[in-house]
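Chemist: Structure provided below as structure tokens; questions to follow.
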Amino acid sequence: MTDLRSTLATSGPIDLSSRASDETPGFEGKKKDAKRRLPQIGEELMDSQELLFANGIAGTTDRKVLILLQGMDTSGKGGTLRHAAGLVDPQGLAITAFKAPTDEEREHDFLWRIEKRLPAPGMIGVFDRSHYEDVLVGRVRALAPAEEIERRYDAINDFEERFVDGGGVLLKCFLHISPDDQEERLAARLDDPTKYWKYNPGDLDDRQLWPEYQAAYETVLERCSTDHAPWHVVPSGRKWYRNWAVATMLAETLTDLGLDWPRADFDVAEQKRRLATM
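What follows is the structure, given as structure tokens:
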């Protein structure tokens, strides 16, 4: 049976305006069904993650997983972290939320700060925004010359290929919403005092540049969706589907690692005898 990653993976030219944000590809059922299934996926994730983490601690694997979450403001990167990545054991999870680069980071190549946050063997890393900001915001806001932006697409592909060759697996998720979705969610934040902290007036500045950002994302999805690290377009107009989809793809990714429990590096029988005599 085709897994969800294949269903949501993209390649070749893409027109985001032609994709509905409220679709639910690969899912049969309603909102209540997805919410009921999420804890079940969580049980599977916990088992698979413990297997990965155990092998990392034992030094028996170089495998690690990196989830990239990209999307327009209000697309649900934080919600996905809570409801999907939050299903696994925190000790095996490393989350990084990338903001504007610091003065020190600007003195280096744009990938310098990214490499420092890559997950170690046995870990699941999550990037809330990522190196793709440097070809998204960098392009839309003209923060770098056009020829530098062009160079970065190939640099990203090479960087990701090295990560995969070193035992990594990339799960790149573009959380796709419509302008109407965003307007509704921004309005909801302004109507709820408990959500004011999530509202940033600068979001409206980016909203005015919606067409430019969509064009930048389309280029990213076309130029940087590769065999070793494909992009997945996750319709995120329905939050419950978004959470189910990312959790499901993560479960598929961990299962595909095909790991076994690390063997004991000591004499088990001898340790049992010692324990019995104490």
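Mapping of the sequence shown onto this note's numbering: residues 31 to 308, in sequence order.
All C-beta atoms, glycine included, are put in the ideal place defined by N, C-alpha and C.
Since G168 and I154 are thought to touch, with beta carbons under 8 Å apart, how far apart are those beta carbons, to the nearest angstrom?
Modeler: About 27 Å separates the two Cβ atoms, so there is no contact after all.
Chemist: Measure the C-alpha to C-alpha separation of W227 and R237 and round it to an integer number of angstroms.
Modeler: Roughly 18 Å between the two C-alpha positions.
Chemist: Who are the near neighbours of T285 in its chain, counting only those whose CB is closer than 7 Å to its CB and skipping five residues on each side?
Modeler: Cβ neighbours of T285 beyond the five flanking positions: S78.
Chemist: So which of F204, Y247, A174, N230 has the shortest CA-CA distance to L216?
Modeler: It is N230.
Chemist: Using CA atoms only, rank isn't needed, just tell me which of L81, I87, G101 is closest to L46.
Modeler: Looking at the Cα atoms, G101 is the closest of the given residues.
Chemist: State the Cα-Cα distance for the pair G59 and D188, rounded to the nearest angstrom.
Modeler: Roughly 40 Å between the two C-alpha positions.
Chemist: Can you give the Cα-Cα distance for R93 and L239, rounded to whole angstroms?
Modeler: Their Cα atoms are separated by approximately 39 Å.
Chemist: Should the stretch 270 to 289 be regarded as contacting the stretch 106 to 120, the criterion being three or more beta carbon pairs within less than 8 Å?
Modeler: Output reads yes: the stretch 106 to 120 touches the stretch 270 to 289.
Chemist: Do you know how far the Cα of D295 is from the Cα of Q301?
Modeler: Roughly 11 Å separates the two Cα atoms.
Chemist: In the DSSP assignment, find the beta strand (DSSP E) that holds W261 and state where it starts and stops.
Modeler: Run containing W261: 261 to 265, per the beta strand (DSSP E) assignment.
Chemist: Where does H238 fall in DSSP's three states?
Modeler: In the sequence as displayed, the identity of residue 238 is Gln instead of His. The answer is coil: DSSP assigns Q238 none of H, G, I, E or B.
Chemist: If we ignore side chains and look at the alpha-carbon of each, how far apart do D63 and V170 end up?
Modeler: Straight-line Cα distance between these residues: approximately 39 Å.
Chemist: Would you call E214 buried or exposed, if buried means 16 or more other Cβ atoms sit within 10 Å of its Cβ?
Modeler: Flag for E214 reads exposed.
Chemist: Locate the beta strand (DSSP E) running through V199, then write down its first and last residues.
Modeler: 198 to 206 is the extent of the beta strand (DSSP E) around V199.
Chemist: With respect to the beta strand (DSSP E) encompassing T132, which residues constitute its N-terminal and C-terminal limits?
Modeler: Note, T132: premise wrong, no beta strand (DSSP E); not H, not E.
Chemist: Under a three-way DSSP split, which group does L173 fall into?
Modeler: The answer is coil: DSSP assigns L173 none of H, G, I, E or B.
Chemist: With a threshold of 16 other CB atoms inside 10 Å of the CB of G198, please say whether the residue is buried or exposed.
Modeler: Per the 10 Å Cβ criterion, buried.
Chemist: Pick helix, strand or coil for G155, following the three-state DSSP scheme.
Modeler: In this structure, G155 counts as strand in the three-state DSSP scheme.
Chemist: Note down the Cα distance separating P120 from E80, rounded to an integer number of angstroms.
Modeler: Going by the C-alpha atoms only, they are around 11 Å apart.
Chemist: Please classify V165: does DSSP put it in a helix, a strand, or coil?
Modeler: If DSSP states are grouped into helix, strand and coil, V165 belongs with the helices.
Chemist: Identify every residue that forms a DSSP beta bridge with G122.
Modeler: Answer by DSSP bridge pairing: none, since G122 is not bridged.
Chemist: Note down, one range per segment and in chain order, each alpha helix (DSSP H) of at least 4 residues found wholly within the stretch 31 to 99.
Modeler: Fully enclosed alpha helix (DSSP H) runs of 4 or longer: 34 to 38, 61 to 88.
Chemist: Use the C-beta contact count for E73: other C-beta atoms within 10 angstroms, 16 or more gives buried, fewer gives exposed.
Modeler: The residue in question, E73, is exposed, as its Cβ has fewer than 16 Cβ neighbours within 10 Å.
Chemist: Per DSSP, G101 is paired with what?
Modeler: DSSP, once it has assigned bridges, lists L205 as partnering G101.
Chemist: Compare the Cα-Cα distances from E163 to each of A150, D103, W270 and report the closest residue.
Modeler: Selected option, being the one with the closest Cα: D103.
Chemist: Taking the alpha helix (DSSP H) that H113 falls in, what are its first and last residues?
Modeler: It spans 107 to 113 - the alpha helix (DSSP H) in which H113 sits, taken as one unbroken run.
Chemist: Within 10 angstroms of its Cβ, does M31 collect 16 or more other Cβ (buried), or is it exposed?
Modeler: Unreliable placement is indicated for M31, whose pLDDT of 44 sits below 50; the coordinate value is still reported in the next sentence. It is exposed - the Cβ of M31 has fewer than 16 other Cβ atoms within 10 Å.
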